[in-house]
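Below you'll find the structure, written out as structure tokens, and then a few comments.
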Amino acid sequence: MNKEPIDLLKKATIVNELGLHARAAAKIVNLAAKANQKIWIIKDNERIDASSIIDILTLGYTKGTLITLAAENKTDIDILNNIIILVENGFGE
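Numbering (this note's numbering) for the sequence shown: -10 to 82.
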């Protein structure tokens, strides 16, 4: 993995009962798509593009899964923080 500055890496735990399902993944994709550069979701040394619903869904994140989110560009820190808030609030469900 690249050596991103620590403020461009954030951790969150999936808290909603249904895990990271299609509707929740779509909310992440919508936010990540607004970034100037890539937002990544990292789990167990596997890094996926947060703007790809297919990539997110193939990993099958369940309740209790700890994920790391990373931004390639410091200008996207607000988007990164908004995704963390979304995850920590159970995707509003």
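The beta carbon of each residue, even a glycine, is placed where N, CA and C say it ideally should be.
These numbers were taken from a predicted model, which means no experiment stands behind them.
Residue i versus residue j: straight-line alpha-carbon distance, rounded
i	j	result
residue 57	residue -1	6 Å
residue 41	residue 52	20 Å
residue 60	residue 38	10 Å
residue 1	residue 73	6 Å
residue 4	residue 11	15 Å
residue 20	residue 35	21 Å
Exposure of residue i, with buried meaning 16 or more beta-carbon neighbours within 10 Å
i	result
residue 65	buried
residue 13	buried
Nearest neighbour of residue i, chosen from the options [CA to CA]
i	options	result
residue 22	78, 79, 67	67
Chain-order list of residues whose beta-carbon lies under 6 Å from that of residue i (same chain, five-residue window excluded)
i	result
residue 26	61, 62
Check your understanding: Where are the alpha helix (DSSP H) runs, 4 residues long or more, that stay fully inside the stretch 27 to 54, in chain order?
Key -> 42 to 47
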